[in-house]
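Residue numbers (this note's numbering): 20 to 198. Each residue gets a CB set at the ideal place from its N, CA and C atoms; glycine is no exception.
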């Protein structure tokens with residue numbers, strides 16, 4: 020009985036430990052396997068479209084909405100804001116070039132030991148140019164992010180988590196718990 024209990028506990032600890040400390044690549048492969056097994060008829064490249072990849076009615080609705088997308092006004096507002104000059108004569112293009120940079124975010128900044136998101140970079144661009152940071156989640160920051168994401172369509176977002184950096188791995192694990 021003691022031997023069986025010890026084996027059971029060893030198995031539980033091993034499985035739990037392995038699940039808690041899976042690498043980002045292990046997580047990506049498990050995520051991919053889950054969805055490709057559950058929806059084998061969906062081509063891999065189409066999973067980026069979320070529910071529209073697996074539900075034909077939702078996809079038809081989405082394609083129809085894309086004829087006159089409801090988010091166009093936010094994108095237009097974001098473009099106007101992106102092209103607005105700061106008080107010092109510079110603009111967002113001095114920080115982001117043409118603005119099509121969404122594929123570069125988020126990323127791990129090893130020196131700062133933090134994840135840099137597009138929205139954080141937008142606010143840092145503002146403060147570096149003498150402007151106040153924008154409030155998070157809505158308003159101008161959402162419009163700028165929407166515009167920059169829109170013109171970045173087609174870019175691959177390849178988040179790299181340095182597995183040999185304990186701070187990066189801790190940030191990754193916090194993100195896993197959050198989402």
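Looking at the strands, I want to know which residues DSSP matches up with residue i.
i           : result
residue 155 : Answer is none; residue 155 lacks a bridge partner.
residue 126 : 135
What is the rounded straight-line gap between the Cα of residue i and the Cα of residue j?
i           : j           : result
residue 172 : residue 65  : 14 Å
residue 77  : residue 46  : 27 Å
residue 56  : residue 48  : 12 Å
residue 184 : residue 146 : 29 Å
residue 139 : residue 124 : 10 Å
residue 73  : residue 60  : 9 Å
residue 111 : residue 148 : 9 Å
residue 107 : residue 190 : 35 Å
residue 121 : residue 128 : 16 Å
residue 197 : residue 180 : 17 Å
residue 16  : residue 182 : Beyond the ends of the chain as shown, which are 20 and 198, falls residue 16; an answer cannot be given.
residue 235 : residue 105 : This structure gives no information on residue 235, because the portion of the chain shown stretches from 20 to 198.
residue 79  : residue 58  : 18 Å
residue 53  : residue 86  : 32 Å
residue 113 : residue 192 : 34 Å
residue 69  : residue 84  : 16 Å
residue 82  : residue 130 : 43 Å
residue 152 : residue 44  : 34 Å
residue 24  : residue 51  : Because the pLDDT of residue 24 is 40, which lies under 50, any placement of that residue in the model is unreliable, and the question is left without a value.
Give me the residue from the options with the minimum Cα distance to residue i.
i           : options            : result
residue 132 : 77, 186, 67        : 186
residue 119 : 91, 168, 90, 93    : 168
residue 137 : 146, 147, 126, 130 : 126
residue 117 : 194, 101, 86       : 101
residue 115 : 149, 170, 73, 71   : 170
residue 178 : 63, 53, 134        : 134
residue 176 : 58, 67, 62, 51     : 67
residue 109 : 75, 69, 144        : 144
residue 103 : 82, 150, 75, 69    : 150
Quick one: does the C-beta of residue i sit closer than 6 Å to a heavy atom of the ligand HEM?
i           : result
residue 115 : As far as ligands go, the structure on display features none, and thus does not contain the ligand HEM.
Practice item. Within the segment 54 to 111, note down every full alpha helix (DSSP H) run reaching 4 residues or more, in order along the chain. Key: 75 to 84, 91 to 101
Review point. Do the segment 163 to 180 and the segment 88 to 102 make contact, defined as three or more Cβ pairs closer than 8 Å?
Key: yes
Point to revise | Inter-stretch contact (C-beta, 8 Å, three-pair minimum) for the segment 144 to 156 and the segment 80 to 94 | key: no
Practice item. Starting from the N-terminal side, write out each stretch of the alpha helix (DSSP H) that is 4 residues or longer and does not extend beyond the segment 152 to 196. Key: 159 to 169
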